[in-house]
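Residues 1 to 1137 in full-length UniProt numbering are what the sequence shown lists, from first letter to last. Ideal Cβ placement from N, Cα and C applies to all residues, glycine included. These figures come from a predicted structure and were not determined experimentally.
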Amino acid sequence: MNSSTKWNNLPKGPSLKNLTEGGFGVLKESQHAAVQDLTKAHIESFDQAVTDGLSRVVQSIPPLEFTFKEDKISLAFVEATLYNPVVAKGSICRELKADVSWSVNGVPKGIIKQSMGQLPIMVKSKMCNLHGMSPKELVKHHEEAEEMGGYFIVNGNEKVIRMLIMPRRNYPIAMSRPKWKSRGQGYTQFGISMRCVKEEHTAVNMNLHYLENGTVMLNFIYQKELFFLPLGFALKALVDFTDFQIYQELIKGREDNSFYKSCASEMLRVVMEEGCTTRAKVLNYLGERFRVKMSLPEWYTNEHECICIHLKSGVEKFYLLCLMTRKLFTFAKQECMEENPDSIMCQEVLTPGQLYLMFMKNTGLCVVADKLNFIRYLSHFRCVHRGAAFAKMRTTSVRKLLPESWGFLCPVHTPDGEPCGLMNHMTAICVTPVDGSPGKAFSDCFPVVLDGAVLGWVETELAPILVDSLRRFKVLKEKKIPPWTEIVLVPKTGKASLYPGLFLFTTPCRMVRPVHNLALGKQELIGTFEQLYINVGIMEDEIDPGVTTHQELFPHSMLSVVANFIPYSDHNQSPRNMYQCQMGKQTMGFPLHSFMDRSDNKLYRLQTPQSPLVRPYMYDHYNLDNYPSGTNAIVAVISYTGYDMEDAMIVNKSSWERGFAHGSIYKTELVDLAEKVRGEDSVVFGTKPGDPKVNNKLDADGLPFIGSTLQYGDPFYSYINLNTDQTFVNFYNQEACVVDNIKICSNDTGSGRFKRVCITMRVPRNPTIGDKFASRHGQKGILSRLWPAEDMPFTESGMAPDILFNPHGFPSRMTIGMLIESMAGKSGALHGLSHDATPFTFSEESSALEYFGEMLRAGGYNFYGTERLYSGVSGLELEADIFIGVVYYQRLRHMVSDKFQVRTTGARDKVTNQPVGGRNIQGGIRFGEMERDALLAHGSSFLLHDRLFNCSDRSVAQVCVDCGSLLSPLLEKPPPYWSAMRHRKTVCTLCGKSDSIDSVSVPYVFRYFVAELAAMNIKRVSHHNTVLGLHLQHVETQSEDGGVGFLLGVFAPDHDGIEELLARDCLHFLPLSSSFPIGQQQQLVSAAQLFQETADLRGQTENLQATLFPQRDGAPFTQRSYGFYIMSLYPRRAIFQ
């Protein structure tokens, strides 16, 4: 594994020679190594999975054994073989075949070859036909010259298996979980958890629980069920040792602890009480209790072992359980620290190869590797996820960035929002590998553990010497020690720290990274656990001789690949760098070169991208000039008009007309005639000569002409039914586009008829008002106005800026890196240079301002990057110096043309009769609770009524005034002799009358709701009254605190008063908690006038009055009973409670 050596050949700085040399655009002899290394972990893990891993998986599947006519039949997998795809282009799926051996009564009868179905093949793996091809050969096969591979092709989509964070395999982790107390009587929160993993990546979680009486309980999961077993039974079942030998092994290193010795004796005494004095009796005792759950054949003995963990022999398992028991007692007595399972030292990464093998038993984690731009595409292969289950947890501990993650997980590159801290990205240099008793007392020794197996003990004084020797062999690649070996010596500190010991790890899936070994002068791969116990310096002046053992390769080694592309990120506020990591993946750019050969659902393309003048040298290391994603723009920091407030920005209209940030979207639609066939009909693409529906828009094959423009309502494609000779024309119903490409498809084997086509359309998307832009520093903004060039401010040389940026965007965001980039870009354009924007390049002693200021001064410009500008409107010189320079701007994919939504009429829901939502189906925008509250706050009640009622699901229903039912009024059944045109009355089926029926306007969803209630035997009654009057009535009070009470009520002239309405539940009485002060009488007058005006608008002026009774003679009163009577003032006559 030589992945660390590539960092010796990093470019010294960015350069434009890639663009200016004659070899630009000419295919190289080999692919770019740095780009190919991004997917190396994916491809290598898959290669291992389909070779050794696949055989191990099928061989680990237990044989199927059953009886047939008194014979014992056994079927077992022997071998599995996966072949290369037979389709020459690409790699899709290939057949998996397995060899199955069968025997009768133990006598082998032969081997059967059986097909196991189709499996997807990873692109550019050893099983792929593209493996080992040069760039010229890849282009000849219509692939990208820098094809990275590492993904699968599933149903035409590129899918990548995202790496998953799991607990470190074969390492006992001390954990404290309060919920463990609920597992039974006597259980405590202390335990040791271990994820045991076999060679074929079969995993079993095993826990040791500490009980209050000093004993230990072992638990494991089998067939999704939790089993508990006293530790003494497990130890006796694993080895044929005497009780004294087991006792001696348990107390190693703790011989002077009397409590621990009594606990070890108690655990063995529990086994003796069950009569299990020998190993055979213990196995028989356990077998009687586990036989039913494991569904074993009748001829199996009770001693058959079915528990799968990573160690093969029972002796190795015995020694490991003893080590875990000693660590558990040390942890329970607070002599050992709790280990954080959320810390990266206790974690590893499951690579796609391991997940690929696990999918035979579990499902993997697949996402579509969308090619919005190249940065977004490559970030998929460096992403690690904690798991979907953690996103639902309320705790935030799993999301925290711990110091142990330094150099392995990027502190910047994580999304904001729900997946924050759960979806992380590995740093640019992080990789994952694929593949006798001492003389002194044990209390003075360290246990030596290799991949979860106890090898022995080493004396405390000899342990550092052994570690140094092992590390030397590892770095110099001697004694067959793998270079990715992790060597961890946890010392004894005398305080509560991690459990001491010498731990060696060679297992795959661990995260390792290269650092410089100062003693040996070479690069060394260190792991997450190992990093805690070595001293790593960053800069040269931090190295302390005799203490510092290692040094970082470069200061920015803790950043991910994407975060390394941010210029001067050390001068920006941390959240701005996080935003740029996300916005950089949402940028329109040049994601690929084979546009003509692809049929993606949607692709974004920037028409005239440019290479940035200011960029980190990692940009050149990954050769991103082949996939640019922005434009060098002249940016003036000035508040010139009112259109640049907040995050808005003004773009020079002449720059826009010359092609600034112009782009297009490629959309592909798959048309499959097989989906349109019913029965035995046969259809083909085509048109009839002279068909007026086609109108010369389609070719003879029924498809549009390549290069033609499609408008809304134009014919899109047509097909003919050969049985009925009917022609069907499908019309285009989207925005105007240009037909870019048409591909004729068949079935997967290439033997089908001409019934499927892929039509690729190119939609021009030039910048418009509302489109989103951003710099590389998280400074996002929208295009607010295309300003005429003659009105733009201009410099003394007559140059007008492309973008006007509001200066208020800098103080709160603190993106000083953008200011430095502006000066660096300006000086780079003057001197023809490409400046290095790698973070930590400048310091307080050597500041960026001094460096670029002198370069600007040498070019004849102001030291601070400012210039005198002149108003484009008046031509007068502006009083202030304006900061102006060159900034690399990105156009984001968020465009108004994709999101604007307007509708007057359209589809409605079949159940609720309300407008449907969704832009794709010409739906409306939801009028929600916040919009409702806004209209209420503005007093726009009639507008609220119009939006939520008239323009939504207004309907006219029939209601019975007497019984108040909405469901009982029905049209009477006409006699047979009636004429069809004769008027039919609506009759209430409950009352039997027609004169009590009235029409009311109600929401249709209310009628649906009433019907649903009726289905549950709940009756809904509507009360009906005529509303014609409004009255503000005084309430009798007594003088005491100067208050006055009023009654706001509505009454109907056909009733005696308010009591009648209260009895019929037509009014609502709202009691108040305190009396109204005299000063608020005017508010009640205004309320009465408001009701008066509302009634006037609705034509209800008859007999309506609003009267306010004044306070009696100015005397103070005490309120006896007061409140508001409120009734709705609808233009209709029915009022519903």
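Within 9 angstroms, strictly: CB atoms of residue i and residue j
i	j	result
CYS963	LEU990	yes
residue 1178	MET823	Absent from the model: residue 1178. The displayed extent of the chain is 1 to 1137, so no value can be given.
ASP771	LEU892	yes
PHE473	VAL458	no
TYR617	LEU10	yes
ASN219	ARG183	yes
PRO172	LEU323	yes
VAL956	PRO969	no
THR768	MET930	no
PRO609	SER639	no
residue 1140	LEU967	Outside the displayed range of the chain (1 to 1137) lies residue 1140, so it cannot be described from this structure.
ILE121	VAL78	no
PHE590	PHE374	yes
SER55	ALA80	yes
VAL431	GLY353	no
GLU418	SER343	no
ALA496	GLN248	no
GLN890	THR587	yes
SER599	CYS758	yes
PRO415	GLN580	no
CYS276	LYS236	yes
TRP406	MET558	yes
LEU592	GLU137	no
ILE161	LEU450	no
LEU328	LEU238	no
VAL738	THR709	yes
For residue j and residue i, believed in contact at Cβ under 8 angstroms, the rounded distance
i	j	result
MET578	GLU348	That pair is no contact at about 25 angstroms.
LYS382	SER560	It should be pointed out that residue 382 corresponds to Arg in this sequence rather than to Lys. Yes, ARG382 and SER560 are in contact; Cβ-Cβ is about 6 angstroms, under 8 angstroms.
TYR888	ARG776	6 angstroms
GLY186	GLU212	5 angstroms
SER784	ASP898	Actually they do not touch by this definition, with Cβ atoms about 18 angstroms apart.
LYS585	LEU372	7 angstroms
PHE949	PRO1003	6 angstroms
LEU250	THR325	6 angstroms
6 angstroms CB neighbourhood of residue i in its chain, flanking five on each side removed
i	result
GLY452	ASN170 and HIS310
THR301	Confidence in THR301 is poor, its pLDDT being 41 and thus under 50, which makes the residue's placement too unreliable to answer from.
PRO788	LYS653
ARG756	ASP672 and CYS745
ILE246	LEU235
THR485	LYS474 and THR506
ILE61	PHE77
ASN766	HIS662
is_contact[residue i, chain B] using C-beta, thresh 9 angstroms
i	result
GLN531	The displayed structure is made up of one protein chain only, and chain B is not part of it.
Chain-order list of residues whose beta-carbon lies under 8 angstroms from that of residue i (same chain, five-residue window excluded)
i	result
VAL467	ILE487, LEU489 and LEU502
Chain-order list of residues whose beta-carbon lies under 7 angstroms from that of residue i (same chain, five-residue window excluded)
i	result
ALA519	THR549
ASP1056	With a pLDDT of only 42 at ASP1056, under 50, the local geometry of the prediction cannot be trusted, and no value is derived from it.
(request) Please confirm if the region 606-621 is in contact with the region 553-567, defined as three or more CB-CB distances below 8 angstroms between the two stretches. (result) yes
(request) Please determine if the region 7-18 and the region 39-46 are in contact, where contact requires at least 3 C-beta pairs separated by less than 8 angstroms. (result) no
(request) Report yes or no: do the region 632-645 and the region 804-821 share at least 3 C-beta pairs separated by less than 8 angstroms? (result) yes
(request) Kindly confirm or deny that the region 136-156 and the region 185-199 touch, where touching means at least three C-beta pairs closer than 8 angstroms. (result) no
(message) Within 8 angstroms, do at least three Cβ pairs link the region 423-435 to the region 457-471?
(response) Not touching, per the Cβ criterion.
(request) Entirely within the UniProt domain "RNA polymerase Rpb2" (923-1019) and at least 3 residues each: give me those beta strand (DSSP E) ranges in chain order. (result) When DSSP assignments are scanned along the UniProt domain "RNA polymerase Rpb2" (923-1019), the uninterrupted stretches of beta strand (DSSP E) that are 3 or more residues long and fall wholly within it turn out to be 954-960, 969-971, 986-988 and 997-1003.
(message) Check whether the region 712-728 and the region 647-655 touch, using three or more Cβ-Cβ pairs below 8 angstroms as the test.
(response) no
(request) Take every Cβ of the region 824-833, pair it with every Cβ of the region 662-672, and state whether three or more of those distances are shorter than 8 angstroms. (result) no
(message) Any contact between the region 242-254 and the region 206-218? By contact I mean 3 or more CB pairs, one from each, below 8 angstroms.
(response) no
(request) Could you tell me which uninterrupted beta strand (DSSP E) segments, each at least 3 residues in length, are contained entirely in the region 385-447, listed from first to last along the chain? (result) Runs found: 423-425.
(message) Using 8 angstroms as the cut-off, can you tell me whether the region 931-943 makes contact with the region 702-721, which would need three or more C-beta pairs spanning the two stretches below that distance?
(response) no
(message) Give the list of continuous beta strand (DSSP E) stretches no shorter than 3 residues that lie fully inside the region 690-726.
(response) 715-721
(request) For the region 165-196, list the alpha helix (DSSP H) runs that are entirely contained and at least 4 residues long, ordered along the chain. (result) Fully enclosed alpha helix (DSSP H) runs of 4 or longer: not present.
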